[in-house]
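Reviewing the structure listed below.
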Amino acid sequence: MTYTIETIKDGVIENLDKKEITAFFNSLSGAKPGYLIGSGQGEDENLAIFNSVTHIGANPPLLGFIQRPTTVDRHTYHNILKYKHYSFNLITENFFEKAHQTSARYSKGQNEFKKVGLTAIHKKEMRCPFVGESPLHIALELDDDIEIKSNKTRLIIGKVISVSIPEALDENNYRLNFQELKSLNISGLSDYYKLTKVKSLNYAKPQ
């Protein structure tokens with residue numbers, strides 16, 4: 334059966350309650366890569382799951398993610414403002430259930446690494462933790478913090494400082510093979526999908 338939604342007023346769809354509407358729109362943009370963001374030091378150390386990481390630019394190398402409204406305490410956001418450094422850690426099949434558990438609302442001061450059973454790694458000159466179980470570590474420094482006026486979310490942009498290169502790097506074209514990494518994509522808040530590479534195509538030119 335095909336459903337057609339023609340009219341959406343003030344975010345309301347006929348015959349759907351608020352929870353169903355939220356689930357629908359959270360999944361509408363499709364499955365996206367899952368990352369754990371590590372931030373803070375000492376008692377501030379925090380780990381949180383995000384699936385909104387996106388490419389901003391290659392020169393300089395910039396990555397961004399969407400931060401939900403800061404009208405309530407957001408540990409990741411406040412740590413990034415305080416320490417300026419943070420890490421993106423790719424989520425894979427090997428530990429995705431533990432990674433998912435970081436979405437629980439732990440109180441400030443509760444260490445998600447310890448709560449969910451993941452390993453915190455600390456690297457020289459970086460003021461943030463990394464996830465030992467992840468095959469891909471991306472170290473970032475805060476570059477920009479942009480409020481999106483439409484809904485008070487924020488686009489957090491970081492400059493890539495360093496990347497730990499996994500064995501799945503194709504040295505012929507310097508592209509990562511996310512299938513070999515066993516990377517997972519997330520749709521909405523809780524649906525996890527495997528990745529399968531279909532084919533590499535040539536750079537497109539006008540015919």
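Quick note: the sequence shown uses the working numbering, first residue 334, plus one each step.
Note that the Cβ used here is the ideal one computed from N, Cα and C, for glycine as well.
If only complete runs of 4 or more residues are kept, the stretch 450-527 shows no alpha helix (DSSP H) anywhere. With respect to the 8 angstroms criterion, residue 417 and residue 458 are not classified as neighbours on the basis of their beta carbons.
Nearest C-alpha to residue 375 among 509, 536, 443 and 349: 443. The residue among 523, 495, 532 and 512 with its C-alpha nearest the C-alpha of residue 393 is 495. Distance from the CA of residue 461 to the CA of residue 372, rounded to the nearest whole angstrom, comes to 5 angstroms. In the DSSP assignment, residue 410 forms no beta bridge with any residue. Per DSSP, reduced to three states, the secondary structure at residue 424 is coil, with no helix or strand assignment.
Below 8 angstroms, enough C-beta pairs join the stretch 522-539 and the stretch 359-366 to call them touching: three or more. Ranked by Cα distance from residue 535, the options 528, 506 and 510 are led by 506.
Sorting 364, 391 and 411 by C-alpha distance to the C-alpha of residue 487 places 411 at the top. Within the model, the alpha-carbon separation for residue 420 versus residue 369 is close to 8 angstroms. According to the DSSP secondary-structure assignment, residue 394 is paired through a beta bridge with 391.
Distance check between residue 470 and each of 423, 500 and 481 places 423 closest, using alpha-carbon atoms only. The three-state secondary structure of residue 400, taken from DSSP, is strand. About 5 angstroms separates the CB atoms of residue 492 and residue 476; that is less than 8 angstroms, so the two are in contact.
Under the three-state reduction of DSSP output, residue 368 falls in the strand class. Shown here, residue 380 sits in a strand according to DSSP, grouped into three states.
For residue 355, the enclosing alpha helix (DSSP H) starts and ends at 351-361. Residue 404 and residue 480 have their C-alpha atoms some 12 angstroms from each other.
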